[in-house]
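FYI, UniProt numbering numbers position 328 of the sequence shown as 328, with every residue one higher than the one before it.
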Amino acid sequence: MKAAVLQNLGNMEFTEVEDPKCEAEGLVVKVMASAICGTDLKIYRHGHAWITLPRILGHENAGVVAEIGSGVTGWKIGDRVAVGCIMPCNDCYFCNQGWHTSCQNTRGISYHYPGGFAEYMAIPPEALKCGLVQRIPDNLSFAEAAVAEPLSCVINGQEIIDMHLGDQVVIIGMGTIECLHTLLAKSRGAVKVIGADVLESKRDLVGIFGVDVYINSSQEDLVKRVMEETDGLGATTVIVACSVGKAQEQALSLVRSRGRICFFGGLPKDRPFVNINSNIIHYKEVSVHGAFSSSPRQYQLALDLIISGKIKVKEFITHTFPLQDISEALKMAEKEESLKVALEPWPAL
């Protein structure tokens, strides 16, 4: 089959590779859409501790069942499916607490197993056991189904900080993840979502996804504007979804007493430290949380929200490319005018 293989850092090669083998308790899926994640771009440039090169990336996937293992029941050739990414072991201390994103033995598609930047991908037995393979209806596009994976991570973040009815939310950074945060926050009852970014070009884009107030923080005083928009109290919830240390520091000046902060975006590994005023946390009784990845339950919930139309993701798919144009797709995914770039290994179908 054909696949886009990350041979070395910065070197993604469209090439011929062996067809995936179907395990007795697994499946093989014909990949119809694989969306490019910001994490894929980081891995492309800088690698990842879980990944040994060469590797087929792609962890936001959807397609059709092409082969069924001899020990698998309940599936048929041609079933339309979405495929999640992270597989907890369900046996370690953290899994036994229900904290699957902290699993000590996590495995992931595109991290430990070949991903979806290919014509076909093998689904390991663990993915089936976890419920990471889910049927999708005919009226849902494969590219839309692929957005369930990043949405599941957003669900994890908002569950951790208990996003709820009446919240006034500040979201810093206005890319795909941040716009998903906006839609989900509104669906959970947020009464106002304030989006902040340093790019004026984001103003029109974020309006599509329900941002109530957009602040260009390169031109306006973000703290002053947030206070004006929240009756001088500050936001109940601040989500820092960009990988910028200064934004994490500033979050403490945007949140009200008893408010919650979510550090959703990881910082560069060579600059992981920030300077914060811990007295704000102490005297205002502010909660600061991290959020990383998602669980199989959250992936299933994300897909249910998309299928039901509660969260509409069609407009997130701003660009599509055939798999052989992987280099151009990666370049587009790094541009500010794109949200979600999808690869289509079988674009004629």
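Ideal placement from N, C-alpha and C gives every residue a C-beta, glycine not left out.
Residues sharing a beta bridge with residue i, DSSP
i           : result
Phe264      : Paired residue(s): none; Phe264 is not in a bridge.
Leu6        : Met12, Arg55
Val274      : The partner list for Val274 (beta bridge, DSSP) is empty, contrary to what the question assumes.
Met87       : Arg107
Ile172      : Ala196, Val240
Ala342      : Ala35, Thr320
His100      : According to DSSP, His100 bridges with nothing at all.
residue 353 : Absent from the structure is residue 353, since the part of the chain shown begins at 1 and ends at 349.
Own chain residues within Cβ distance below 6 Å of residue i, not counting five before or after
i      : result
Gly116 : Val31, Ser34, Gly58, Asn61
Gly63  : Val29, Lys30, Val31, Met32
Met12  : Ala4, Leu6, Ile326
Trp50  : Tyr111
Span separating the alpha-carbon of residue i from that of residue j
i           : j      : result
residue 427 : Gly173 : Since the first and last residues shown for the chain are 1 and 349, residue 427 lies out of range.
Val5        : Asn277 : 44 Å
Asn8        : His181 : 33 Å
Ile171      : Ser70  : 47 Å
Pro268      : Gly290 : 15 Å
Glu144      : Leu151 : 11 Å
Ala329      : Tyr283 : 48 Å
Met163      : Ser110 : 30 Å
Gly195      : Val206 : 8 Å
Gly38       : Asp304 : 23 Å
Phe142      : Ala82  : 8 Å
Gly10       : Gly47  : 9 Å
Arg80       : Leu128 : 15 Å
Gly166      : Gly189 : 6 Å
Ala342      : Thr320 : 5 Å
Leu41       : Ala333 : 8 Å
Leu233      : Gly175 : 26 Å
Ser257      : Leu27  : 50 Å
Arg107      : Met87  : 5 Å
Ala185      : Glu178 : 10 Å
Cys130      : Glu228 : 46 Å
Val313      : Pro322 : 21 Å
Tyr93       : Ser294 : 17 Å
Cys95       : Thr15  : 38 Å
Reduced DSSP category for residue i - H, G, I as helix; E, B as strand; rest coil
i      : result
Ser34  : strand
Tyr283 : helix
Tyr93  : helix
Ile194 : strand
Tyr120 : strand
Val206 : helix
Ile161 : coil
Tyr113 : strand
Ser70  : coil
Ile311 : coil
Gly245 : helix
Glu126 : helix
Met1   : coil
Proximal residues to residue i (C-beta, below 8 Å), its chain only, five neighbours per side dropped
i      : result
Val17  : Met1, Lys2, Ala3, Val5, Ile56, Ala118
Leu349 : Any reading at Leu349 is ruled out, since the residue's pLDDT is 49, under 50, leaving its predicted position unreliable.
Pro137 : Arg80, Ile307
Lys76  : Val65, Ile68
Arg203 : Tyr214, Asn216
Residues near residue i by beta carbon distance below 7 Å, same chain, minus five either side
i      : result
Glu336 : Leu199, Ser201
Ile280 : Leu252, Val286
Thr52  : none
Ala24  : Gly69, Ser70, Gly71
Gln134 : Val81, Ala82, Gln300, Leu303
Practice problem: Scan the segment 211-237 and note each continuous alpha helix (DSSP H) run of 4 residues or more that stays entirely inside, going in chain order. | Solution: Runs found: 222-229.
Quiz prompt | Segments assigned alpha helix (DSSP H), at least 4 residues, entirely inside the segment 133-158 | solution = With a minimum length of 4 residues, the continuous alpha helix (DSSP H) runs that stay inside the segment 133-158 are 142-146.
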